[in-house]
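Scroll down for the structure; my scribbles are underneath it.
In this note's numbering, the protein residues as written are 34 to 159.
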């Protein structure tokens, strides 16, 4: 017997709004996750009992983050989920204390390329 909620090639058909409970913004604080923001598992995450209460998509993202630090874009690709869904789920994990997010360095704070080239040239001259 086949179910209308399962496609043999695509797998289970779960709409994105079902994964996020209809939410489109990550948490009440409306945190914005850049595609290149790095996500890591928190040093002191909540216990196993709290993790068992999470949905399968939340647990999949946690599993990916435990394997290695990943960007939001990498998590979306590896979990095969839309970026908007991943942002909402990460907002849940952030507010629950499971993950930490490090923001990318704004381009204005990066060193000037000319200075970096001068340093490289100086090192080559040694």
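Ideal placement from N, C-alpha and C gives every residue a C-beta, glycine not left out.
With a threshold of 16 other CB atoms inside 10 Å of the CB of residue i, please say whether the residue is buried or exposed.
i	result
residue 146	exposed
residue 72	buried
residue 159	exposed
Go through its chain and collect everything with a Cβ distance to residue i's Cβ below 6 Å, but skip five positions before and after it.
i	result
residue 121	53, 56 and 59
residue 143	none
Could you check whether residue j and residue i sit closer than 8 Å to each other, using their CB atoms as the reference points?
i	j	result
residue 82	residue 135	no
residue 92	residue 74	no
residue 79	residue 131	yes
Any idea which residues DSSP pairs residue i with across the strands?
i	result
residue 71	104 and 135
CB-CB under 7 Å to residue i, same chain, minus the five flanking residues each way: which ones, in chain order?
i	result
residue 137	67, 69 and 70
residue 172	The structure shown has nothing for residue 172, since the chain only spans 34 to 159.
Could you pull the start and end residues of the alpha helix (DSSP H) that residue i belongs to?
i	result
residue 29	Outside the shown range of the chain (34 to 159) lies residue 29, about which nothing can therefore be said.
residue 156	146-158
residue 77	No alpha helix (DSSP H) holds residue 77; DSSP gives it neither H nor E.
CB-CB under 8 Å to residue i, same chain, minus the five flanking residues each way: which ones, in chain order?
i	result
residue 106	68, 69 and 116
residue 95	74, 84, 87, 126, 131 and 132
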